[in-house]
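> Please read through the structure below; I'll follow up with questions.
Number of protein chains: 2
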Amino acid sequence: MRTRDILLSAAKAKGPMAAASEEQKNEALFAMAKVLIEHTDSILAANAQDLEAAKGHIGNVMLDRLALSKGRIRAMAEGITQVMHLPDPVGRVLERVERPGGLIIEKTSVAMGVIAIIYESRPNVTADAAALCIKSGNACVLRGGKEAYASNKAITDALREGLGKAGLPAKAVGLVEDTTRASSLELMQAKGLVDLLIPRGGAGLIRACVEQATVPCIETGTGICHVYVDAAADLDMALNIIYNAKTSRPSVCNAAEVCLVHEAIAAAFLPRLQERLVKERSSRGEVPVELRLCEKAAALIPGTPAGAADFDTEFLDYILAVKVVGSAGEALAHIAAHSTGHSDAIVTEDAAAAEHFLRAVDSAAVYVNASTRFTDGGEFGLGCEMGISTQKLHARGPMGLRELCTYKYIIRGCGQIR
Amino acid sequence: MRTRDILLSAAKAKGPMAAASEEQKNEALFAMAKVLIEHTDSILAANAQDLEAAKGHIGNVMLDRLALSKGRIRAMAEGITQVMHLPDPVGRVLERVERPGGLIIEKTSVAMGVIAIIYESRPNVTADAAALCIKSGNACVLRGGKEAYASNKAITDALREGLGKAGLPAKAVGLVEDTTRASSLELMQAKGLVDLLIPRGGAGLIRACVEQATVPCIETGTGICHVYVDAAADLDMALNIIYNAKTSRPSVCNAAEVCLVHEAIAAAFLPRLQERLVKERSSRGEVPVELRLCEKAAALIPGTPAGAADFDTEFLDYILAVKVVGSAGEALAHIAAHSTGHSDAIVTEDAAAAEHFLRAVDSAAVYVNASTRFTDGGEFGLGCEMGISTQKLHARGPMGLRELCTYKYIIRGCGQIR
């Protein structure tokens, strides 16, 4: 089917999806999870096809992300039932005003309409994204990567069958068949057919959306996250936080990429940082963290000299850029100039310094004495998420079900005129 | 000053503005209003210059919009003090979660940063927009029309003097000096320097922003508003509502442009509509409403035959397009195809029809038995507004102070890692 027809099809599902009751949507999610499990064999067969075709073209990490197993399919189904158990975000009266003339105005949450999602190789995103859209009363048009097409097709076939079983329109979940750049561009510019576009992927995809999209779009996921170790930091705490923020899962957007260290404690702190991130890991046979050091840091500990680009790179790897700063103000200025507005942290025992940092840093999540790794829908109590928004309009930080909704004003009168 | 320097200047004011206390901001607004009155003579002199230069180039309606008087300057100053009395939208804890590990997460409203506003000839927008931005802790860059430049300059000079008196940075209010299209385009594409762009003006300006902006942008104000008179309508009420929605102020975006009439009551209703909107107004010496009629309506009352474009035009004038529909479903389909998503109303005594309409119409404000003219920040209890958003992301309907803010997550820990 042509991409435009898939969009038109999804547009037709908007009405019934927006009007669906919580029970109907939950029934559909239950059926989607059930059919997904029932289709395990055909999904694995499709995935084997994808893996076979991709071999030699993509690296091992990407192959692993692409690979499905019975366990991964079960995890997808469990993800869907988790979403089912979350409260319905649609139909909440956010504010209610009764005007002197008797007009009753209710600001009410409603579904967005058609949400388009462009993402890369992991096929589990297909099930996650569809479940979040269905629960929030939206239709969705999914545009996954070329490498995962057969897997995504098998997964969406199962999801659509589940939707149909619950009496909701199967076309509320659409999968774009064209996996060339043309279809991405078409989604970005499908004004009137796409109510919200969410790109989930690398910096290139996000940039393309910002520059070319004429439909409403939410930037997600680029995270150059900073941990600033203040002069008044508890150094043990700082070490634990940086160790966690850097090494617990370096490939995710909330991992730290840059450590800023106040010069007053640099001589005491940096050797311990090097010990913890490099030597101890090496001695345990773990991948040591490569430290990319500014000149002042390089005078204190061994490491790679940092190039200019190192403070503007999302490494997503066991690499940490380290810079010594002369003051908290210099740390703030560095963050203002280099942060992607995702998550930034200060480690300090000085309450005034902490409050100043919280106010001054213009990022989605700003931390005092905690790891940036907490920026996550589950950790923030949203239950699940579609991604981490790094923009300021509409949604900032983890996007849960509520952030996939908009609102409208519903006004009931008995003949009022102005 | 070059537009880019004005933007850089505003960016420097972001920090102090975001951190300003409610008292400081109110003091600044008070001073802004006071200095504005003190500068009455110089503002009127500048305005006389604008009027002189504009004569012959713009029509009388536009000249009237451009003209200032002592009374209009006083009204501007009163507008500023009204904003001063509204509650501070910054620093509200929107949600608070304490996680099992002791992490305290507060979703907190914060200023957006730099708001750019592109608007057309009325100079009072300059004072209104600046006041709303200052109260919401933002810096603003204003780009008014060429015809009003001298007036806008005199007004912003006064506002900046007021800001300075209260110890806030004068550069938090910037006025773009270049009034060619180049500066509009520069604002639309000032990625990283403009946190939010609000175009206030005609359909052409809004379209240009949607197509060319790479900064976050909120579409405002285009209103092709519908009133649907259902088969079960109280016809007296319907007449009052349409009369009000069409004639109380035809030049504004919440005025009705289209009346849809159920065929079951068309023969009874349309002659009364014609009597009320055309004959009675003529006999009182008022401008009669021109009715642009679909074929079925034209068979029942006199009027102009409607062309296809008449159902897609924001007349902003004493013109009403009238269409007879065979069912509520046909009315909903017409609205879905032709509404700009601003405000649409049904007049009916049938509760089920009313609820179905409220659910099905995908517009910022959906009314039962009331005039579309109520879609307004003041009427909705927001106190004031920057415009009416017709989009779904971030803000929908009237944009008050809260809608000029974003939020961030502030997380306080004591060493938590994940």
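So the sequence lines, in the order shown, correspond to chains A and B. If you read the first sequence in the working numbering, its first letter stands for residue 1, the second for the next number, and so on. If you read the second sequence in the working numbering, its first letter stands for residue 1001, the second for the next number, and so on. Glycine included, every Cβ here is placed at the ideal spot set by N, Cα and C. Because the structure is a prediction, the values reported are computed rather than measured.
1. Quick one: residues in its chain with C-beta nearer than 8 Å to the C-beta of residue 145 of chain A, no 5 flanking neighbours on either side, listed in chain order?
2. In chain A, what lies closer than 8 Å to residue 1363 of chain B by C-beta?
3. Check whether the Cβ atoms of residue 400 of chain A and residue 415 of chain A lie closer than 8 Å to each other.
4. Please state whether the Cβ-Cβ distance between residue 158 of chain A and residue 80 of chain A is less than 8 Å.
5. For residue 403 of chain A, count neighbouring C-beta atoms within 10 Å of its own C-beta (all shown protein chains included) and say buried if the count is 16 or more, exposed if not.
6. If the criterion is Cβ atoms closer than 8 Å, does the pair residue 270 of chain A and residue 297 of chain A meet it?
7. Just curious, the alpha helix (DSSP H) that residue 1338 of chain B is in, first and last residue?
8. Below 8 Å CB to CB, which residues in the same chain sit around residue 1016 of chain B once its five sequence neighbours on both sides are set aside?
9. Using a Cβ-Cβ distance cut-off of 8 Å, determine whether residue 1273 of chain B contacts chain A.
10. Tell me whether the stretch 66–77 of chain A and the stretch 86–93 of chain A touch, counting them as touching only if at least three CB pairs, one residue from each stretch, are closer than 8 Å.
11. Does any C-beta atom of chain A lie closer than 8 Å to the C-beta of residue 1374 of chain B?
12. Between residue 1386 of chain B and chain A, is there a C-beta pair that is closer than 8 Å?
13. Is the CB-CB distance between residue 1359 of chain B and residue 406 of chain A below 8 Å?
14. With H, G and I counted as helix, E and B as strand and the rest as coil, what does DSSP make of residue 1413 of chain B?
15. Would residue 164 of chain A pass as a contact of residue 25 of chain A if the rule is Cβ separation under 8 Å?
16. List, in order along the chain, the chain A residues whose C-beta lies closer than 7 Å to that of residue 1359 of chain B?
17. Just checking: is the beta-carbon of residue 1380 of chain B within a distance shorter than 8 Å of some beta-carbon in chain A?
18. Is the beta carbon of residue 250 of chain A less than 8 Å from the beta carbon of residue 350 of chain A?
19. I'd like to know whether the C-beta atoms of residue 1240 of chain B and residue 1372 of chain B end up nearer to each other than 8 Å.
20. To the nearest angstrom, report how far apart residue 140 of chain A and residue 1355 of chain B are at their CA atoms.
21. Please identify the residue among B:1063, B:1108, B:1309 whose C-alpha is closest to the C-alpha of residue 1095 of chain B.
22. Report buried or exposed for residue 1001 of chain B, applying the criterion of at least 16 other Cβ atoms within 10 angstroms of its Cβ.
23. Less than 6 Å between C-beta atoms, sequence neighbours within five positions excluded: which residues of the same chain meet that for residue 1263 of chain B?
24. Three-state secondary structure (DSSP) at residue 171 of chain A?
25. Got a sec: is the Cβ-Cβ distance from residue 286 of chain A to anything in chain B below 8 Å?
26. Residues of chain A with CB closer than 7 Å to the CB of residue 1402 of chain B, please, in chain order.
27. Quick one, which residues of the stretch 1163–1193 of chain B are near chain A if we go by CB-CB under 7 Å, in chain order?
28. So the candidates are B:1207, B:1149, B:1202, B:1276; which of them puts its Cα closest to the Cα of residue 1237 of chain B?
29. Taking the beta carbon of residue 143 of chain A as the centre, do at least 16 other beta carbons fall within 10 Å, making it buried, or is it exposed?
30. Beta-carbon of residue 1318 of chain B versus every beta-carbon of chain A: anything under 8 Å?
31. Would you list the one or two residues that DSSP bridges to residue 1106 of chain B?
32. Using a Cβ cut-off of 8 Å, pull out every chain B residue sitting near residue 411 of chain A, in sequence order please.
33. Opposite residue 1199 of chain B in the DSSP bridges: which residues?
34. Using a Cβ-Cβ cut-off of less than 7 Å, give me the residues of the stretch 1229–1251 of chain B that come near chain A, in sequence order.
35. Which residues, in chain order, does the stretch 205–223 of chain A contribute to contact with chain B at a C-beta distance below 7 Å?
36. So, at 8 Å on beta carbons, what are the nonlocal neighbours of residue 1409 of chain B in its own chain, with the 5 sequence-adjacent residues on each side left out?
Walking through what the data contain:
1. Cβ within range, chain order: 119, 120, 121, 179.
2. Going along chain A in sequence order, the residues near residue 1363 of chain B (Cβ under 8 Å) are 408.
3. No, Cβ-Cβ distance for residue 400 of chain A and residue 415 of chain A is not below 8 Å.
4. Taking 8 Å as the cut-off, the Cβ atoms of residue 158 of chain A and residue 80 of chain A do not count as close.
5. It counts as buried.
6. The answer is yes: Cβ separation under 8 Å.
7. DSSP places residue 1338 of chain B inside the alpha helix (DSSP H), whose first and last residues are 1328–1338.
8. Here the set comprises 1168, 1169, 1172.
9. Not closer than 8 Å to any Cβ of chain A, the Cβ of residue 1273 of chain B fails to qualify, so no.
10. Using a Cβ-Cβ distance cut-off of 8 Å, the stretch 66–77 of chain A and the stretch 86–93 of chain A are not in contact, since fewer than three pairs of beta carbons, one from each stretch, lie closer than that value.
11. Cβ-Cβ to chain A under 8 Å: yes for residue 1374 of chain B.
12. Contacts with chain A at 8 Å (Cβ-Cβ) do not include residue 1386 of chain B.
13. Going by C-beta atoms, residue 1359 of chain B is not nearer than 8 Å to residue 406 of chain A.
14. Correct three-state label for residue 1413 of chain B: strand.
15. Residue 25 of chain A sits away from residue 164 of chain A, with the two beta carbons spaced by 8 Å or more.
16. Here the neighbours are 19.
17. Chain A, which has a Cβ nearer than 8 Å to the Cβ of residue 1380 of chain B, makes this yes.
18. No, these two residues do not count as a Cβ contact at 8 Å.
19. No, Cβ-Cβ distance for residue 1240 of chain B and residue 1372 of chain B is not below 8 Å.
20. If I take the Cα positions, the gap works out to 26 Å.
21. Nearest option by C-alpha distance: B:1108.
22. Exposed, because fewer than 16 other Cβ atoms sit within 10 Å of the Cβ of residue 1001 of chain B.
23. Taking residue 1263 of chain B as the centre and dropping the five residues before and after it, the same chain places the C-beta of 1324, 1326 closer than 6 Å to its C-beta, in chain order.
24. Reduced to three states, the DSSP call for residue 171 of chain A is helix.
25. No, residue 286 of chain A does not count as interfacial toward chain B.
26. Under the 7 Å cutoff, chain A gives no residues; its nearest Cβ is about 10 Å from residue 1402 of chain B.
27. Those residues of the stretch 1163–1193 of chain B placed with their C-beta closer than 7 Å to a C-beta in chain A do not exist.
28. For residue 1237 of chain B, the closest C-alpha among the options B:1207, B:1149, B:1202, B:1276 is that of B:1276.
29. With 16 or more Cβ atoms within 10 Å of its Cβ, residue 143 of chain A is classed as buried.
30. Closer than 8 Å: no.
31. In DSSP, residue 1106 of chain B forms a bridge with B:1096, B:1410.
32. What residue 411 of chain A touches in chain B: 1365, 1366, 1367, 1368, 1370, 1374.
33. Paired residue(s): B:1118.
34. Residues passing the 7 Å Cβ filter: 1237, 1240, 1241, 1244, 1248.
35. Residues passing the 7 Å Cβ filter: 210, 211, 214, 216.
36. The answer, listed in chain order, is 1105, 1106, 1107, 1108.
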